[in-house]
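**Q** Take this structure first; my questions come after.
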Amino acid sequence: PNTPDTAGIGYVIRQRTRAPQRVRAAYVSDDEIDELIQFLRPGQQAEQPGQVVTLRGAA
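According to our numbering, the stretch in the sequence shown is residues -8 to 50, in order.
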């Protein structure tokens, strides 16, 4: 079915088993992506800027 409540559902069969396992991937709508893009546009100031943290050992 191609409905929002079933979006991202799939099945996989792992090695050494015949039983399918249900998996679910995250679903983000086009409207939510557009909202995120507007929020992250360059040149806009955040209402409450966050703190920048440098992670050690991060590649």
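Backbone N, C-alpha and C define an ideal beta-carbon position, used for all residues, glycine too.
Since we're looking at a predicted model, the values are computed, not measured.
To the nearest angstrom, how far is it from the Cα of residue 20 to the Cα of residue 14?
**A** Within the sequence shown, residue 20 is the residue found at index 29, counting from 1. Within the sequence shown, residue 14 is the residue found at index 23, counting from 1. Cα to Cα, the separation comes out at about 19 Å.
**Q** Give the DSSP bridge partners of residue 41, in chain order.
**A** Walking along the sequence shown from the start, residue 41 turns up at place 50. According to DSSP, which records beta bridges pairwise, residue 41 is partnered with nothing at all.
**Q** Looking at residue 0 and residue 11, is the spacing between their C-beta atoms short of 8 Å?
**A** The residue you call residue 11 lines up with position 20 of the sequence shown. The residue you call residue 0 lines up with position 9 of the sequence shown. No, they are not a contact pair.
**Q** If you draw a straight line from the alpha carbon of residue 41 to that of residue 31, how long is it in whole angstroms?
**A** Sequence index remark: in the sequence shown, residue 41 carries index 50 (1-based). Sequence index remark: in the sequence shown, residue 31 carries index 40 (1-based). Cα to Cα, the separation comes out at about 14 Å.
**Q** Can you tell me whether DSSP reads residue 0 as helix, strand or coil?
**A** Along the sequence shown, read from residue 1 onward, the residue named residue 0 stands at position 9. Strand, per DSSP.
**Q** Run through DSSP, which three-state label would residue 29 get?
**A** Here residue 29 refers to the residue found at position 38 when the sequence shown is read from its first residue. It is helical.
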